[in-house]
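Colleague:
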Amino acid sequence: MRMLVTNNLPEGTSIHWHGAILPNGMDGVSGLTQPKIAPGETFAYEFTLKQTGTLMYHPHFDEMVQIALGMQGFFIIHPRDASIRRVDRDFAIMLNEWFIKPGTATPDRR
1061 MRMLVTNNLP EGTSIHWHGA ILPNGMDGVS GLTQPKIAPG ETFAYEFTLK QTGTLMYHPH
1121 FDEMVQIALG MQGFFIIHPR DASIRRVDRD FAIMLNEWFI KPGTATPDRR
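If you count by our numbering, then the sequence shown holds residues 1061 to 1170, one letter each, in order.
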């Protein structure tokens, strides 16, 4: 898989892939496994998909704000050979609750 991420935010960002078996340098933890993706830069995440299942992703730079503003999602990997384990449908629910004070643009981190 090759995923090009262009950062159009006014701050750094990254993508952390929860549950994916991948090289450490593609794990997306800013400051630990990769540098942040600076505003205007593009980073290529490249790894081989080795398992099936429902996984999730989110940023790992200023997480409390970026996640609260919707930068997260599911990553569903179906088996190549559907006869092994047939998948009829996927159900995924991601619940969050954040408070954004009136007149502000970012969530309350408490």
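Even for Gly, the Cβ is constructed at its ideal location relative to N, Cα and C. As the structure is a computational prediction, the values presented were derived from the model and not from experiment.
1. Out of curiosity, what's the CA-to-CA distance linking residue 1112 and residue 1140?
2. With a threshold of 7 Å on Cβ separation, who are the neighbours of residue 1066 within its own chain once the five nearest residues in sequence on each side are excluded?
3. Just to check my reading of the structure: residue 1097 and residue 1072 have Cβ atoms closer than 8 Å, yes? What is that Cβ distance to the nearest angstrom?
4. Spell out the partners DSSP gives residue 1061 in its beta bridges.
5. Using DSSP's beta-bridge definition, name the partner residues of residue 1090.
6. Spatial neighbours of residue 1117 within its chain, please: CB distance less than 7 Å, with the 5 preceding and 5 following residues excluded, ordered by chain position.
7. Which whole-angstrom value is the C-beta distance of residue 1119 and residue 1099, which I expect to be below 8 Å?
8. With a threshold of 8 Å on Cβ separation, who are the neighbours of residue 1161 within its own chain once the five nearest residues in sequence on each side are excluded?
9. In the DSSP assignment, the alpha helix (DSSP H) including residue 1124 goes from what residue to what residue?
10. Please report the straight-line C-alpha distance between residue 1157 and residue 1127, rounded to a whole angstrom.
Modeller: Straight from the coordinates:
1. Here the question's residue 1112 lines up with position 52 in the sequence shown. Here the question's residue 1140 lines up with position 80 in the sequence shown. If you take the alpha carbons of residue 1112 and residue 1140, they lie about 9 Å apart.
2. What you label residue 1066 is simply residue 6 of the sequence shown in a count that begins at 1. Within the same chain, Cβ atoms closer than 7 Å to the Cβ of residue 1066 are found at 1102, the five residues on either side in sequence being excluded.
3. Locating residue 1097 in the sequence shown gives position 37, counting from the first residue. Locating residue 1072 in the sequence shown gives position 12, counting from the first residue. The Cβ separation is near 6 Å, so the contact holds.
4. Numbered from its first residue, the sequence shown carries residue 1061 at position 1. Residue 1061 pairs with nothing; no bridge assigned.
5. Numbered from 1 along the sequence shown, position 30 holds the residue referred to as residue 1090. Residue pairing of residue 1090 in beta bridges, as defined by DSSP: 1094.
6. For the purposes of this step, residue 1117 is taken as residue 57 along the sequence shown, with counting starting at 1. Once the five neighbours on either side are set aside, the close Cβ partners of residue 1117 are 1075, 1076, 1077, 1078, 1132, 1133, 1135.
7. Indexing the sequence shown from 1 puts residue 1119 at position 59. Indexing the sequence shown from 1 puts residue 1099 at position 39. With 8 Å as the limit, residue 1119 and residue 1099 do not qualify as a contact, their Cβ atoms being about 13 Å apart.
8. Along the sequence shown, one-based indexing puts residue 1161 at 101. The beta carbon of residue 1161 lies closer than 8 Å to those of 1168 in the same chain, with the five residues before and after it left out.
9. Within the sequence shown, residue 1124 is the residue found at index 64, counting from 1. Per DSSP, residue 1124 belongs to the alpha helix (DSSP H) from 1123-1128.
10. Start at 1 with the first residue of the sequence shown, and residue 1157 comes out as number 97. Start at 1 with the first residue of the sequence shown, and residue 1127 comes out as number 67. Counting only the Cα atoms, residue 1127 lies some 11 Å from residue 1157.
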